[in-house]
Amino acid sequence: MVAKVPSNATFHDKEKPQEVRKANIIAARAVSDAIRTSLGPKGMDKMIKTARGQIIISNDGHTILKQMAILHPVARMLVEVSAAQDTEAGDGTTSVVILTGALLGASERLLNKGLHPTIIAESFQKAAKRSVEILLEMSHKISLDDKEDLIRAASTSLSSKIVSQFSRFLAPLAVNSVLQVADRDSKSVDLNDIRLIKKIGGTIDDTETVDGVVLTQKVVKSAGGPTRIEKARVGLVQFQISPPKPDTENNIVVSDYRQMDKILKEERSYLLNICKKIKKAKCNVLLIQKSILRDAVNELALHFLSKLGIMVIKDIEREEIEFLSKSLGCKPISDIELFTEDRLGAVDLVEEVESDGSRIVKMTGVKSHNAKPTVSVIIRGANQMILDETERSLHDALCVIRCLVKERGLIAGGGAPEIEVSRRLTKESRSMDGVEAFIWQEFAQALEVIPTTLAENAGLNSIKVVTELRSRHEAGEVNEGISVRRSGTANTYDEHILQPVLVSTSSITLASECVKSILRIDDITFSR
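Throughout, our numbering is defined as the position within the sequence shown, counted from one, plus 2.
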């Protein structure tokens with residue numbers, strides 16, 4: 003007798019979704035464990051060799067994950083979470099991934115108890131929402147005029163990077179740059195207005211901000227033109243100052259030397275005409291965009307321009323045009339007929355300066371009325387790796403200040419907010435009924451991964467430290483966190499270990515959203 007297999011046998015098969023979830027959680031946690039050691043001031047750096055053979059040394063969570071070759075689609079979601087945190091807050095890219103890993107661990111324990119994944123995910127999101135409220139309650143409001151607090155927040159961000167010993171000097175630099183380009187009333191800062199220029203040579207101490215514009219291109223000196231001009235009128239051109247060329251490869255055969263002379267004469271008068279029009283518009287500094295099809299400017303034109311006393315800087319990259327026209331207040335000019343005085347930018351001084359073995363052009367004292375305030379920062383360092391890492395660290399510090407412009411609140415760092423939120427959630431979960439109480443407790447426990455990891459990376463006894471923190475918080479000391487300088491617990495707010503509240507709130511929200519999307523996957527199929 004053969005038993006008839008019911009047609010919905012596949013539906014009875016509950017094993018597969020469980021296996022898929024388990025595999026997904028394992029894959030995602032593997033990523034978060036890989037990056038876990040780089041959290042905090044005592045965190046380690048990762049060395050990454052890219053496919054092109056370039057070597058990157060970094061401590062920034064997003065940079066590490068972006069470069070890792072991750073094949074598993076769910077593990078890729080963690081890379082996207084850190085990217086989201088990078089665009090939203092700019093700092094805390096490592097902690098958001100570690101948090102996601104911890105929440106996935108918690109959800110695995112809950113799944114093993116037989117709870118339904120959707121219920122877990124939804125309760126996690128409720129708990130996350132509540133955590134954000136608690137964090138906002140805890141935060142200390144600040145104003146942008148209080149520079150001390152801003153500098154402390156920036157140096158906390160820099161403390162976990164290679165450049166931490168220079169944070170005294172880089173933190174104020176970051177704060178001043180952001181405040182120069184920020185609108186006091188608006189809630190956001192466009193970090194594209196701050197241009198980071200990397201130059202090898204010198205040490206990190208030589209990093210400086212220039213109020214104005216810095217060009218890495220050199221002044222063209224072959225024709226003996228000026229290299230320093232006061233009261234400059236800057237023109238930004240996108241056309242070529244060289245004789246026109248046929249589009250296709252045509253050869254013109256000249257049989258007669260009179261024709262030859264005529265051609266040269268034509269060329270000469272064509273160029274002279276252009277140069278005179280430029281001079282007529284009172285322009286004395288000319289920035290020329292890089293050109294692929296033909297020379298952007300040829301020797302004869304340079305000769306004319308230098309006779310007219312016009313300074314020439316060529317090979318301006320296409321992506322620099324927008325920044326230059328914004329900060330100098332000059333409009334890009336695409337045709338000689340449009341070269342008029344109202345399209346020029348006015349600058350007090352343009353000069354080429356020698357600094358640590360390389361030449362740069364500085365433009366200071368922008369006078370144009372339609373110019374936006376922008377800042378150029380010249381980053382100095384001994385080798386390319388240090389330069390890249392300094393640039394990333396400075397970017398994180400700038401983002402921290404941008405967060406404070408967006409959401410003007412600071413909270414203590416060093417794991418203090420996580421412990422406090424965890425304590426409050428545990429307390430609130432006791433008054434709930436049903437499954438949710440369970441889930442909130444697990445969520446609260448998962449938050450403790452941040453202080454635990456901080457303690458482990460600093461070589462402290464994590465169990466001892468975290469339990470001590472819990473008892474301190476229970477006694478009402480809200481700002482108690484891990485101070486690595488003291489190698490123990492301390493009031494991190496008084497120790498000036500501060501972070502913007504936006505970093506913590508966005509990392510908890512993003513982590514719980516990511517866990518929700520991972521838990522809702524119950525099968526992976528591959529399309530052809």
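Ideal Cβ placement from N, Cα and C applies to all residues, glycine included.
Which whole-angstrom value is the C-beta distance of residue i and residue j, which I expect to be below 8 Å?
i      : j      : result
Ile510 : His475 : That pair is no contact at about 17 Å.
Gln127 : Ser519 : Not confirmed; about 11 Å, so no contact.
Val486 : Met365 : Their Cβ separation, rounded to whole angstroms, is 43 Å, which puts Val486 and Met365 out of contact at 8 Å.
Ala460 : Ser489 : 7 Å
What residue from the options has the CA that sits closest to residue i's CA?
i      : options                        : result
Arg361 : Ile28, Thr229, Met434, Ser308  : Thr229
Cys277 : Pro245, Arg197, Lys200         : Pro245
Gln167 : Thr392, Thr494, Thr366         : Thr392
Ala173 : Leu521, Leu295, Ala155         : Ala155
Ser97  : Ile121, Ser125, His118, Ser34  : Ser34
Ala384 : Asp263, Asp358, Thr205, Ala446 : Thr205
Glu90  : Arg404, Ser395, Ala71, Arg296  : Arg404
Ser179 : Ser169, Asp213, Ala123, Glu139 : Asp213
Leu138 : Leu504, Cys516, Asn253, Ile164 : Leu504
Arg31  : Asn481, Leu80, Ile164          : Leu80
Ser395 : Ser161, Phe528, Asp147, Lys189 : Ser161
Lys328 : Leu146, Gly116, Ser370, Leu406 : Ser370
Leu400 : Pro502, Lys466, Thr491         : Pro502
Val177 : Asp496, Leu406, Ser508, Asn463 : Leu406
Gly436 : Ile122, Ala71, Asn114, Thr102  : Ile122
Ser141 : Lys333, Thr507, Glu353         : Thr507
Ser40  : Ala53, Leu67, Gly55, Glu17     : Leu67
Does the beta-carbon of residue i have 16 or more other beta-carbons within 10 angstroms, so that it is buried, or is it exposed?
i      : result
Glu322 : buried
Arg23  : buried
Ser433 : exposed
Ile37  : buried
Met49  : exposed
Met46  : exposed
Pro375 : exposed
Lys201 : buried
Met262 : exposed
Phe306 : buried
Ser129 : It is Ala, not Ser, that sits at residue 129 in the sequence shown. Ala129 is buried by the Cβ-count criterion.
Ile100 : buried
Pro43  : buried
Gly478 : exposed
Lys163 : buried
Thr578 : Because the chain spans 3 through 530 in this model, residue 578 falls outside it and cannot be assessed.
Gly331 : buried
Leu593 : Residue 593 lies beyond the range of the chain shown here (3 to 530); nothing can be said about it.
His118 : exposed
Gly347 : buried
Leu266 : exposed
Once the 5 residues before and after residue i are set aside, which same chain residues still bring their CB inside 8 Å of it?
i      : result
Glu444 : Ala108, Ser109, Arg111, Leu112
Ser224 : Glu301, Leu304
Asn194 : Phe325
Gly227 : Val221, Leu304, Leu307, Ser308, Gly311, Ile312, Met313, Val314
Met387 : Ile57, Ile58, Ile59
Ile144 : Asp151, Leu152, Leu406, Arg410, Gly411, Leu412
Excluding five sequence neighbours on each side, which residues of the same chain lie with their C-beta closer than 6 Å to the C-beta of residue i?
i      : result
Ile290 : Val239, Ala298, Val299, Lys316
Lys281 : Leu310
Gly483 : Ala414, Gly416, Gly417, Ala418, Thr494
His498 : Arg154
Ala29  : His74, Val76, Ala77
Trp442 : Ala129, Leu427, Ser431
Lys189 : Lys408
Could you pull the DSSP bridge partners for residue i from this structure?
i      : result
Ile362 : Val355
His142 : Leu412
Pro502 : Leu412
Ile484 : Thr491
Pro334 : Leu238
Thr211 : Val379
Gly116 : Beta-bridge pairing links Gly116 to no other residue.
Leu198 : Val379
Glu497 : Looking at the DSSP assignment, Glu497 forms no beta bridge with any residue, so it has no partner.
Less than 7 Å between C-beta atoms, sequence neighbours within five positions excluded: which residues of the same chain meet that for residue i?
i      : result
Ser336 : Gln240, Phe241
His64  : Ser84, Ala85, Asp88, Thr95
Asp524 : Pro19, Val22, Arg23
Asn26  : Val76, Ile520, Ile523
Val468 : Glu450, Pro453, Thr454, Ala457
Lys51  : Ile57
Lys279 : Ile338, Phe341
Ser293 : Gln242
Gly367 : Gly214, Val349, Asp350, Leu351
Ser169 : Ser157, Leu160, Ser161
Is residue i close to chain D? Criterion is C-beta to C-beta, closer than 8 Å.
i      : result
Leu521 : This model lacks chain D altogether; it includes just one protein chain.
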